[in-house]
């Protein structure tokens, strides 16, 4: 999701036929805002990590991400908001963009702390198997290349905003994982 959300947003904004036809400089800055919000989210997540569990943070961020994606999908493209951007003449200013784009950029706050939360919940209680599990977990990073491919196929067939249903499904699964799926049900596994 960390990759699919902004890359599809950039295509959605710059595509003149199926997208918004926004200047590439403005679109790039909006996508940069997503990445900047990921930085802010990681800094806040690091500061709040001692107060809140990985489960609580993943629950909150995936739930909020679901809402933001729903707003991005369902709100009209005609509702415009001003976002700070670099413009074509390399000046900094405000540009009017559809509200959908703002909600997509705000997803950066949500995706920022997910990786750490997922990892912590996945290896919890594994003891001596943590190293092997974390190696397997690192192999699963390939999803960062597969999910955007699926989203791109959906975007080609049904449109850019409709492709965010792929992200919605991923966030819904992460919410399920945070609430139910991460429970350690094999308590009799020897971990020493």
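In full-length UniProt numbering, the protein residues as written are 1 to 192. Even for Gly, the Cβ is constructed at its ideal location relative to N, Cα and C. Please read all numbers here as calculations on a predicted model, not as lab measurements.
{"Item": "Out of 94, 163 and 170, point me to the one whose CA is closest to residue 143's CA.", "Value": "170"}
{"Item": "Across which residues does DSSP place residue 83 in a beta bridge pair?", "Value": "95"}
{"Item": "Span of the alpha helix (DSSP H) holding residue 44?", "Value": "24-48"}
{"Item": "Thinking C-alpha only, which one of 74, 75, 17 and 38 is nearest residue 2?", "Value": "38"}
{"Item": "What is the C-beta distance between residue 48 and residue 106, in whole angstroms, given that I count them as a contact (C-beta under 8 Å)?", "Value": "Rounded, the Cβ-Cβ distance is 18 Å, inconsistent with contact."}
{"Item": "Does DSSP put residue 72 in a helix, a strand or coil?", "Value": "helix"}
{"Item": "Short check: CB of residue 146 to CB of residue 166, under 8 Å?", "Value": "no"}
{"Item": "Contact between the stretch 92-111 and the stretch 59-76 is defined here as three or more beta-carbon pairs at a separation below 8 Å; is this criterion met?", "Value": "yes"}
{"Item": "Is residue 3 helix, strand or coil when you go by DSSP?", "Value": "coil"}
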